[in-house]
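In the numbering used here, the protein residues as written are 3 to 263.
Where is the CB? At the ideal position from N, CA and C, for every residue including glycine.
Some notes on the structure that comes next.
Below, the structure written as C-alpha cells:
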C-alpha cells in the first residue's frame, strides 16, 4: 500500500492506495506542527482503517510549503520507516515541462497535470480551485505549457471581509438570482457569478491561444462543483476531487519498481 501526501497552502491531503485504488483519503489543516504531531496523527488515521500499518510500502509527497518538507519527511521516516519520494525538478513525470524556469512551477500543478493527462488524455486544461486557482495547459503530446494563476474564491471572500467594515462572513452557495435584496446574497452573487465569469473568460482565452480542437477542461479542488454548476453552458468537462492524490500515485509508479502491497 502506498501513501500519497500533498501539502497545500491551507490543507494537507493524504491518500492511501491499495494497488491503483484510492481506498481512503483524509484532509487536515496546515498549522505549525512538530514531526511527532504529524506522525502521530497520520498513524492514528491509518490505524482506524487498516489493521497493520506495516503494509505501507512507500510514500510520495508534493508540497508548496518548503518549510514543512523536512518536518513531514522526518515524521514519515520515524513513524513509517520511509523517507518519502518528493516531487521536484528531475523526477519522472511523463510530461515535457516547457516552463521558462521549471523550478518556479508549483509541484501541485505538475501533479494535477500528470493525473489529468494520464487519466483523461490531452490536450487538456487543468483547473485547481484551491487557495489560489491555477489554470494549466497540457498539449496532446504531453507538454506542460504553463497557464495562469488567480486568487482563489475563498481567498477573495476573506480579503473582501477583512478590508470592509460591515460585510459579514458568508457561506459560499449560489443564489438563484444575480440581483439580490440582502447583503449576504449580494456578496454571494458577486463572488460566485463574478468568479465563474473569470473562469469562463480565462478558459475561452486559453482555448483560443492554444489553437487545438476538443480541449478537455479537468477541474479539481473543493469549489470545482460549485463553479461548474453556475453557467448555463458547460465550461468544465470533468471534475475529479482526488486528482492530486491520483497524480502522486502515478508519479510514484514511474519512479519506483516496488511492487509490495
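Alpha carbon of residue i to alpha carbon of residue j, nearest angstrom
{"i": "residue 71", "j": "residue 108", "result": "14 Å"}
{"i": "residue 186", "j": "residue 243", "result": "28 Å"}
{"i": "residue 230", "j": "residue 195", "result": "11 Å"}
{"i": "residue 30", "j": "residue 8", "result": "11 Å"}
{"i": "residue 68", "j": "residue 169", "result": "35 Å"}
{"i": "residue 211", "j": "residue 38", "result": "48 Å"}
{"i": "residue 193", "j": "residue 160", "result": "11 Å"}
{"i": "residue 26", "j": "residue 166", "result": "40 Å"}
{"i": "residue 151", "j": "residue 134", "result": "7 Å"}
{"i": "residue 116", "j": "residue 95", "result": "7 Å"}
{"i": "residue 102", "j": "residue 252", "result": "25 Å"}
{"i": "residue 86", "j": "residue 79", "result": "8 Å"}
{"i": "residue 155", "j": "residue 258", "result": "37 Å"}
{"i": "residue 35", "j": "residue 132", "result": "21 Å"}
{"i": "residue 53", "j": "residue 47", "result": "11 Å"}
Local conformation of residue i per DSSP, three classes
{"i": "residue 258", "result": "coil"}
{"i": "residue 1", "result": "There is simply no residue 1 to check, as the chain begins at 3 and stops at 263 in what is shown."}
{"i": "residue 50", "result": "coil"}
{"i": "residue 61", "result": "strand"}
{"i": "residue 17", "result": "strand"}
{"i": "residue 77", "result": "helix"}
{"i": "residue 45", "result": "helix"}
{"i": "residue 251", "result": "helix"}
{"i": "residue 175", "result": "coil"}
{"i": "residue 98", "result": "strand"}
{"i": "residue 166", "result": "coil"}
CB-CB length for residue i against residue j, believed under 8 Å
{"i": "residue 157", "j": "residue 149", "result": "At roughly 18 Å, the Cβ-Cβ gap does not stay under 8 Å, so residue 157 and residue 149 are not in contact."}
{"i": "residue 17", "j": "residue 205", "result": "Between residue 205 and residue 17 the Cβ distance is about 27 Å, and since that is not below 8 Å, they are no contact."}
Host beta strand (DSSP E) of residue i (start-end)
{"i": "residue 2", "result": "Residue numbering for the chain in the displayed model covers 3 to 263; residue 2 lies beyond these limits and cannot be assessed."}
{"i": "residue 27", "result": "23-31"}
{"i": "residue 126", "result": "126-131"}
{"i": "residue 5", "result": "4-9"}
Bounding residues of the alpha helix (DSSP H) (the contiguous stretch that carries residue i)
{"i": "residue 200", "result": "185-212"}
{"i": "residue 114", "result": "109-122"}
**Report entry** beta strand (DSSP E) runs contained entirely in the region 216-242, provided each spans 3 or more residues
**Finding:** 218-222
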